[in-house]
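Q: Take a look at the following structure, please.
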Amino acid sequence: VSVLLFQAKSCICHMCGAHLNRLHSCLYCVFFGCFTKKHIHEHAKTKRHNLAIDLLYGGIYCFMCQDYIYDKDMEQIAKEEQRKAWKIQAFTPTVVSHYQCTMTGIGEKYSTWEPTKRELELLRHNPKRRKITTNCTIGLRGLINLGNTCFMNCIVQALTHTPLLRDFFLSDRHKCEMQSPSSCLVCEMSTLFQEFYSGHRSPHIPYRLLHLVWTHARHLAGYEQQDAHEFLIAALDVLHRHCKGDDNGKKANNPNHCNCIIDQIFTGGLQSDVTCQVCHGVSTTIDPFWDISLDLPGSSTPFWPLSPGSDGSVVNGESHVSGTTTLTDCLRRFTRPEHLGSSAKIKCSGCHSYQESTKQLTMKKLPIVACFHLKRFEHSAKLRRKITTYVSFPLELDMTPFMASSKESRMNGQYQQPTDSLNNDNKYSLFAVVNHQGTLESGHYTSFIRQHKDQWFKCDDAIITKASIKDVLDSEGYLLFYHKQFLEYE
Amino acid sequence: IPKMNKDAQMRATINQKLIETGERERLKELLRAKLIECGWKDQLKAHCKDVIKEKGLEHVTVDDLVAEITPKGRALVPDSVKKELLQRIRTFLAQHASL
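Here's what the structure looks like:
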């Protein structure tokens, strides 16, 4: 604070006391003067001090040349001093902006990219450039169906259009740690991204990917139709393992502490609170998740009512029109307090005996990409069938009501704030939808993916066609991929 | 420092308070983000390029650019941004009523 006080009191023009007007400092003596009012010019003339520095941007002005000059040595000094000043500033609370890190003292100030010698060499040797315009279709490519592999193709389409994943692979961030790089699924993903963004319009044949998946996820091998959701989880699991060079499938990495790109993007934390009905003690656990599986109306477990005494309040701009189930309804049901019943008593550490309890799930930590799995395939002992109930889902989703923190505020009697624009952390945008047509026995997967801001495309194996937002939102929906709208530094 | 009139004195005092509390930096950051968001920065950058092309790279000085783009820059700031910044400053002044 004392530094700021000093700055406040001393950074003013020595002639008129103003702090605005492009203050400059003489480089020969201690004098600050306005540029706009020509006070520094007067000083330069009378004292013959011909160099001054702009206090805001650090430019050096020469009164003889009557312009700012650019000297290599001065620039070097300026850069170094800025870097040092930044390190000090980083320890004081500063506003989080796109260009700064929060007060941790680590990280560097944002500076524009300058190519290294090696990069210049590479750029010269590879002169082909690709310009991305709003209408270009780069990143879109069909995938040949290798025999009921549409379940894999859809997931590949969703992954190749996950912005953070795309950025990670296209900037070559993967360093292979596997014993044999030819069996690394992450390397294969990297190649896949290169193929998708190569500009080639012919469909890609993902035979290597299929082979690697069969090798590392044996339960998915074979030419029969598999479940796209199962494939997604298996693929994320193998990618997560291979990021750390794990070839053997030992679950050595704790997803809570892993820092691989898969965990950074997909891993969230699910909080489970078990409340003893006798002593009201709460036992809390937090488990990592890559996706949220939601029950649907029409399954053998009853869907309605969502929770005892629930209100029909408007959430996410959707009101409960009787008949149409919404994604929000499913999420409300997912996070409702559930009475576990007398046959499922939990040992309470407060009462030291088995008691009846309620269990409630809430989101502790949201992933950057949230994948919702609508449980359309019922495999109970009684029957195997597909639930085709239409569930409406929004383009924009606010997860605030389902957060553990929101639940805590409600329980503490705090007034639940209406979603205001300041709380951006829980806002999501839809970017991919995987759909299943047909029955449990024979069916076909297709997907919708989002390109640029508002353009959607339907991916049906090798055929890519333009789709309208209405097409997407009217579709049945099996896997829904949402991306956080605003990203903050950790 | 020569005598300043009451207005200038007030401005200087407010400015000092803004700097001391770190509010000035926060306001600058907010303004910077808003001006980029609404495309103001890009518009002015394009205008600069036009001026340089017109005058010729060898003949244009920073002062020329400042003279050319300052009025345009001031005019192009959206009202909503002005309102928001003013509101922030008003709130700040209300909190530091001892001024």
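Top line first, the protein sequences correspond to chains C and F. Under the numbering used here, the first residue of the first sequence carries the number 122, and numbering increases by one thereafter. Under the numbering used here, the first residue of the second sequence carries the number 262, and numbering increases by one thereafter. C-beta: ideal position from N, C-alpha, C; glycine also.
How would you label H337(C), buried or exposed, when you count the other beta carbons within 10 angstroms and need 16 or more for buried?
A: H337(C) comes out buried.
Q: State whether the region 294 to 309 of chain C contacts the region 250 to 261 of chain C, with contact taken as three or more CB pairs (one from each stretch) at a distance under 8 Å.
A: They do not touch, by the three-pair rule.
Q: With three or more C-beta pairs closer than 8 Å as the rule, is the region 262 to 274 of chain C touching the region 576 to 587 of chain C?
A: As far as the Cβ criterion goes, the region 576 to 587 of chain C touches the region 262 to 274 of chain C, which means the pair count is three or higher.
Q: With burial defined as no fewer than 16 other Cβ atoms inside 10 Å of the residue's Cβ, what is the status of S526(C): buried or exposed?
A: Classification of S526(C): exposed, given that the 10 Å Cβ count is below 16.
Q: In whole angstroms, give me the CA-to-CA distance for N171(C) and L141(C).
A: Computed Cα separation, rounded: 22 Å.
Q: Would you kindly report the start and end of the unbroken beta strand (DSSP E) that includes M484(C)?
A: M484(C) -> beta strand (DSSP E) spans S478 to K486.
Q: Rounded to whole angstroms, what's the CA-CA distance from L177(C) to R169(C)? Just pull it up for me.
A: Those two C-alpha atoms are separated by around 23 Å.
Q: Quick one, which residues of the region 151 to 182 of chain C are near chain F if we go by CB-CB under 7 Å, in chain order?
A: Against chain F - using a Cβ distance shorter than 7 Å - the region 151 to 182 of chain C contributes no residues.
Q: Taking 8 Å as the CB-CB limit, is Q348(F) close to chain C?
A: So no, Q348(F) is outside the interface.
Q: Which residues in chain A sit within 9 Å of A139(C), going by Cβ to Cβ distance?
A: Looking at the structure shown, chain A is missing, and the protein chains on hand are C and F.
Q: I need the straight-line Cα distance from E499(C) to K507(C), nearest angstrom please.
A: Roughly 6 Å separates the two Cα atoms.
Q: Along the chain, where does the beta strand (DSSP E) containing W577(C) start, and where does it finish?
A: First-last of the beta strand (DSSP E) with W577(C): Q576 to D581.
Q: Which residue's Cα is closest to the Cα of Q606(C): E517(C), D358(C), N269(C) and F387(C)?
A: The option with the nearest alpha carbon to Q606(C) is E517(C).
Q: Give a yes or no on whether the minimum CB-CB distance between S218(C) and chain F is below 8 Å.
A: Unreliable positioning characterises S218(C) in this predicted model, as indicated by a pLDDT of 41, which lies under 50. The coordinate reading is nonetheless provided below. Chain F, which has a Cβ nearer than 8 Å to the Cβ of S218(C), makes this yes.
Q: DSSP three-state call for E286(F): helix, strand or coil?
A: Here E286(F) sits in helix by DSSP.
Q: Verify the CB distance criterion: does I253(C) have a CB-CB separation below 8 Å to chain F?
A: It does not: the Cβ of I253(C) has no partner Cβ on chain F nearer than 8 Å.
Q: Between the C-alpha atoms of V490(C) and C580(C), what's the straight-line distance to the nearest angstrom?
A: V490(C) and C580(C): Cα-Cα distance of roughly 20 Å.
Q: Would you call K485(C) buried or exposed, if buried means 16 or more other Cβ atoms sit within 10 Å of its Cβ?
A: Classification of K485(C): buried, given that the 10 Å Cβ count is 16 or more.
Q: Return the residue from the list S550(C), T560(C), A199(C) and Y189(C) that minimises the CA-CA distance to F602(C).
A: The residue with the shortest Cα to Cα distance from F602(C) is S550(C).
Q: Give the residues of chain F in contact with D188(C), contact being defined as C-beta atoms less than 8 Å apart.
A: Per Cβ cutoff of 8 Å: T322, V323 and D324.
Q: Please state the DSSP three-state secondary structure of R335(F).
A: Note: R335(F) maps to helix in three-state DSSP.
Q: CA-CA distance, L243(C) and R250(C)?
A: Between L243(C) and R250(C), the C-alpha separation is close to 12 Å.
Q: DSSP state of I174(C), grouped into three classes?
A: Residue state, collapsed to three classes: strand.
Q: Give a yes or no on whether the minimum CB-CB distance between L144(C) and chain F is below 8 Å.
A: No, L144(C) lies away from the interface with chain F (no Cβ there is under 8 Å from its Cβ).
Q: I413(C) versus chain F: which residues are under 8 Å apart at the beta carbon?
A: Neighbours of I413(C) on chain F: none; closest Cβ ~32 Å, over 8 Å.
Q: Under a three-way DSSP split, which group does M299(C) fall into?
A: Coil.
Q: In whole angstroms, what separates the C-alpha of H401(C) from that of S303(C)?
A: Roughly 55 Å separates the two Cα atoms.
Q: By the three-class DSSP mapping on this structure, what secondary structure does I297(F) have?
A: Three-state DSSP puts I297(F) in a helix.
Q: Anything in chain F within Cβ reach of D126(C), meaning under 9 Å, just list it in chain order.
A: Per the sequence presented here, residue 126(C) reads as Leu, with Asp not at that position. Correct list: Q277, I280 and E281.
Q: Any beta carbon from chain F within less than 8 Å of I133(C)'s own beta carbon?
A: Taking Cβ atoms only, chain F reaches closer than 8 Å to I133(C), which makes this a yes.
Q: I need the DSSP call for A338(C), collapsed to helix, strand or coil.
A: In this structure, A338(C) counts as coil in the three-state DSSP scheme.
Q: Taking the runs of the beta strand (DSSP E) that are 3 residues or longer, which of them lie wholly in the region 393 to 424 of chain C?
A: Runs found: 403 to 410 and 413 to 415.
Q: Given this structure, state the Cα-to-Cα distance separating I407(C) from R322(C), to the nearest angstrom.
A: Cα to Cα, the separation comes out at about 45 Å.
Q: What does the Cβ neighbour count give for A355(F), buried or exposed, with the cut at 16 atoms within 10 Å?
A: Under this definition A355(F) is an exposed residue.
Q: Does DSSP classify T213(C) as helix, strand or coil?
A: Note on T213(C): pLDDT 48, under 50, position unreliable in the model; the coordinate value appears next. In this structure, T213(C) counts as coil in the three-state DSSP scheme.
Q: Report the rounded CA-to-CA distance for C155(C) versus H320(F), giving the unit in angstroms.
A: Rounded to whole angstroms, C155(C) to H320(F) spans 24 Å at the Cα level.
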